[in-house]
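Protein chains: 2
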Amino acid sequence: MWIMAIPDSSLIKLRKFVCPEIVFGEEALMLAGQYAKNFGGDRVLAVSGRNVIRAGWSGKVIDSLEDEGLSYSLYSDFTSNPKAEEVMRGAEVYNREGCDVIVAVGGGSAIDCAKGIGIVSANKKHILEFKGVDQIPRPGPPLICVPTTCSGADVSQFAIITDTRRKMKMAIVSKTLVPDTSLIDPATNLTMSSDETEDTDTDALIQAIEAYTSKASSPITDQFALNAIDLVFYNLPKIVKEPAVLDYREKMKLGSLESGLAFTNASLGLIHAMSHSVGGFTDAPHGLCNAILFPYGVKFNYDTIPKRYDKIGEAMGLDLKGLSQEKRKTAIIDLIWKFLDDMGQRRTLEDVGVDKRDIPRLARNAMDDVCMMTNPRSATLEDVIAIYEEAL
Amino acid sequence: MWIMAIPDSSLIKLRKFVCPEIVFGEEALMLAGQYAKNFGGDRVLAVSGRNVIRAGWSGKVIDSLEDEGLSYSLYSDFTSNPKAEEVMRGAEVYNREGCDVIVAVGGGSAIDCAKGIGIVSANKKHILEFKGVDQIPRPGPPLICVPTTCSGADVSQFAIITDTRRKMKMAIVSKTLVPDTSLIDPATNLTMSSDETEDTDTDALIQAIEAYTSKASSPITDQFALNAIDLVFYNLPKIVKEPAVLDYREKMKLGSLESGLAFTNASLGLIHAMSHSVGGFTDAPHGLCNAILFPYGVKFNYDTIPKRYDKIGEAMGLDLKGLSQEKRKTAIIDLIWKFLDDMGQRRTLEDVGVDKRDIPRLARNAMDDVCMMTNPRSATLEDVIAIYEEAL
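Chains as they are written, first to last, in numbering that gives the first Met the number 0: chain A, 0 to 391; chain B, 0 to 391.
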């Protein structure tokens with residue numbers, strides 16, 4: 000795993016890159032049946048939330064399964080920020096129905112739930128036992144993803160599952176979680192609600208920024224990250240104005256793919272670590288938690304690697320030439336605030352139900368998150384508490 | 000396969016992207032044993048040419064196999080432009096020695112030979128029976144590559160094998176030919192001869208250009224291709240001057256990786272189709288055959304997609320603003336000639352043993368090559384004959 004390869008010594012500069020097979024473009028989702036059959040599938044577990052079923056995407060995928068003569072069971076008994084018990088129930092369905100392939104149709108929640116179902120059914124263990132890096136003895140069954148948002152989960156080696164008893168999100172990280180195939184159809188994004196669009200699309204931007212500034216970044220992930228920043232930053236405001244224009248959605252979907260390829264291989268940073276902790280506690284949408292912490296995270300990290308952040312600023316269209324470091328920093332953070340304002344995402348932790356008394360607990364959980372390991376600046380518990388307080 | 004997805008109708012815009020697991024950096028090759036073991040290997044067939052053995056790279060890889068308690072057999076009985084009978088002999092060794100994993104250490108010839116050995120041993124058929132696109136019923140055993148040149152074969156779904164009886168190269172194209180893992184160690188390039196450096200590194204540039212102008216290009220492959228053009232174009236002249244500087248080699252190796260990821264997913268064009276035909280007939284090095292045909296191929300294609308070629312020119316540092324199409328074309332082709340001169344690669348087909356009488360036969364074979372399908376401009380037999388005559 001890449002985590003092993005983070006250089007404390009500058010001698011070791013190894014970087015890994017993994018990636019599922021990707022099909023990108025119009026009607027890509029109609030290949031689900033063909034892929035499931037090629038993987039030797041006979042009975043498919045389709046994992047898909049109710050909104051996506053209602054929007055018709057799951058039905059299209061099921062048609063493609065039936066066209067190949069495959070039978071299927073549909074599992075939709077999960078919520079956003081999928082919970083451990085929802086994963087366990089899904090694994091029961093998988094086993095009871097004798098499934099041999101999983102097709103996830105949906106956003107990050109559906110895909111992470113499907114990843115969890117896969118490893119639970121292959122290993123006959125409780126989902127909470129896989130927490131951390133490389134803790135999966137056997138890979139799950141073949142997993143085909145049809146992403147209908149911009150989560151990046153369809154190409155990533157992460158699954159984030161909520162431990163409801165402890166009100167915490169748990170990150171599971173392993174190469175075996177990279178799906179086998181991602182069928183990326185830009186039209187699927189047209190049926191997101193405006194909140195979902197803003198949350199998950201902004202998250203694609205934050206993922207790319209955290210990947211670019213990660214301690215485990217590499218020239219390959221850098222390229223994907225900068226391209227993603229450019230694509231998301233310019234297309235998301237257009238999508239907010241004209242949500243029905245497929246061309247913007249297509250560019251956004253490409254940006255999201257590139258962001259996913261960047262962060263799955265470079266990992267993330269403090270914003271995601273702190274956001275996971277808030278999301279586990281409040282069940283607020285992941286993208287929104289990230290957006291709330293976004294400017295504070297950049298402010299905390301900027302002076303550690305100013306040149307990297309300046310590149311990000313330039314990818315967002317800023318002209319930083321001739322400015323002092325302090326002014327460059329301010330320009331970038333101001334632009335982030337403006338972006339959040341334009342997206343209607345300038346919110347506080349209070350807005351999602353965090354109380355000042357919760358902060359020490361949130362901070363302890365954030366310190367324990369795997370994304371904290373690759374943040375460019377080492378953060379103490381006190382640092383994290385201070386950032387949460389700023390964002391309150 | 001992507002070939003299926005080339006749009007005759009503009010309705011279908013599907014693009015596929017596949018990629019092996021990649022480890023890039025210092026001492027990456029020392030992970031060969033660990034990967035071979037993770038793939039369930041017990042006895043490894045190491046495929047490696049004599050020069051690479053002499054340079055010490057195969058020995059290092061063998062050390063890493065032994066460190067993991069794996070036994071191995073070494074197969075080096077093949078030549079550059081590997082021949083069908085060499086592949087068949089390798090498959091005999093693989094079977095006789097009871098191997099279960101293949102590790103290729105070398106340039107494109109070693110890797111293509113290893114790919115051939117894998118599919119022959121898995122399918123019990125003659126290598127010549129796999130010719131064309133998607134003709135491999137069963138995937139081969141796990142294949143780990145340690146590329147010691149800039150061929151891109153370590154990430155590609157191509158294997159090019161010479162049919163000696165017919166004096167032709169045969170392209171085998173299938174997703175199953177994508178290696179499982181590529182361990183890319185920039186230091187391995189330090190032991191190439193200067194001819195090898197110029198041939199294979201120039202080929203990385205030509206691959207990227209043909210991928211960028213391919214009918215099957217996509218936004219993902221475009222990005223890799225343009226980055227590769229930039230990296231190769233600026234670093235190769237530095238390498239020629241100072242071949243022992245690792246930093247240039249590292250950038251070149253990254254450029255080669257990006258070129259490989261571009262061409263394996265976008266395919267190539269007329270230059271490679273015509274070069275395969277020449278290489279099969281004369282056994283001249285693949286990179287050199289490409290270099291000879293390079294400016295003529297660009298000249299033939301330019302007017303079909305001038306904007307794409309202009310982007311390439313800009314990636315090579317040209318300022319084309321305000322120039323007429325004819326002048327832009329000339330500027331790009333002149334720069335290519337200058338580059339070939341600087342590399343000592345301005346040669347003719349006669350130099351590699353082609354006679355005017357051979358041209359009709361070479362042209363017929365080139366027309367039959369899978370790379371011709373994705374050339375941006377349709378070429379007739381007469382067009383191909385005319386280009387060969389120019390390059391004579």
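Heads up, the beta-carbon is just placed ideally off N, CA and C, and yes, glycines get one too.
Nothing here was measured: the structure is a model prediction, and the numbers come from that model.
Contact check for A:N289 against A:S274 passes: the beta carbons are separated by less than 7 angstroms.
Assignment of A:D162 by DSSP, reduced to helix, strand and coil, places it in the strand class. Contacts with chain A at 7 angstroms (Cβ-Cβ) do not include B:K252.
When C-beta atoms of the stretch 144-157 of chain A are compared with those of the stretch 106-113 of chain A, three or more pairs fall below 8 angstroms, so the two segments count as touching. For A:R14, a Cβ of chain B is located within less than 7 angstroms of the residue's own Cβ.
When DSSP states are grouped into helix, strand and coil, A:V92 belongs to the helix group. In the three-state DSSP reduction, B:I332 falls in the helix class (H, G or I). When rounded, the separation of the alpha-carbon atoms in B:D341 and B:V297 is 19 angstroms. Inter-segment contact for the stretch 20-30 of chain A and the stretch 125-138 of chain A is absent: fewer than three beta-carbon pairs are separated by less than 8 angstroms.
In the same chain as A:M167, and ignoring 5 residues on each side of it, the C-beta atoms closer than 6 angstroms to its own belong to G279, N364, in chain order. The C-alpha of A:I159 is placed about 18 angstroms away from the C-alpha of A:A207.
The continuous alpha helix (DSSP H) containing A:V60 extends over residues 56-66. Look at the stretch 134-165 of chain B: it has no residue with a C-beta under 8 angstroms from a C-beta of chain A. About 7 angstroms separates the CB atoms of B:A103 and B:L142; that is less than 8 angstroms, so the two are in contact. Taking 8 angstroms as the upper bound for CB-CB distance, B:Y211 and B:I331 are not in contact here, some 13 angstroms apart.
The Cβ atoms of B:I291 and B:P375 lie no closer than 7 angstroms to each other. Residue-level contact check: B:C18 touches chain A, since one or more beta carbons of chain A fall below 7 angstroms from its beta carbon.
Between A:E197 and A:Y295 a beta carbon distance of about 19 angstroms is seen, past the 8 angstroms cut, so the two are scored as non-contacting. Residue contact with chain B for A:P218: present (Cβ-Cβ distance below 7 angstroms to some residue of chain B). Its Cα nearest to that of B:C98, the residue B:P140 stands out among B:P140, B:E67, B:D350, B:S75. For B:L361, the three-state secondary structure derived from DSSP is helix. What B:G32 touches in chain A, judged by beta-carbon distance under 8 angstroms, is nothing: the nearest beta carbon there is about 15 angstroms away. Contact with chain B is found for A:N226, since one of that chain's Cβ atoms lies less than 7 angstroms from the residue's Cβ.
DSSP places B:V383 in the uninterrupted alpha helix (DSSP H) bounded by 380-389.
B:F262: member of the alpha helix (DSSP H) spanning 245-265, first to last residue. Judged by DSSP secondary structure, A:A170 falls within the beta strand (DSSP E) whose first and last residues are 167-172. Under the Cβ distance rule, A:V22 counts among the residues neighbouring chain B, one pair being separated by less than 7 angstroms.
Judged by beta-carbon spacing, B:T199 lies beyond the 7 angstroms limit of B:N80, meaning their Cβ atoms are not closer than that value. For the set A:E20, A:L256, A:I101, the Cα lying nearest the Cα of A:G39 is the one of A:I101. The closest CA to that of A:K114, considering only A:Q156, A:G131, A:E91, is found on A:Q156. Residue-level contact check: A:A27 touches chain B, since one or more beta carbons of chain B fall below 7 angstroms from its beta carbon. The criterion of a C-beta distance shorter than 7 angstroms is not satisfied by A:Y74 and A:G58. DSSP, read as helix, strand or coil, puts A:T373 in helix.
In the structure shown, the three-state DSSP call for B:C112 is helix. B:Q206 has a beta carbon lying at 7 angstroms or more from every beta carbon in chain A.
Given a length threshold of 4 residues, each whole run of the alpha helix (DSSP H) inside the stretch 181-226 of chain A is given here in chain order: 193-211.
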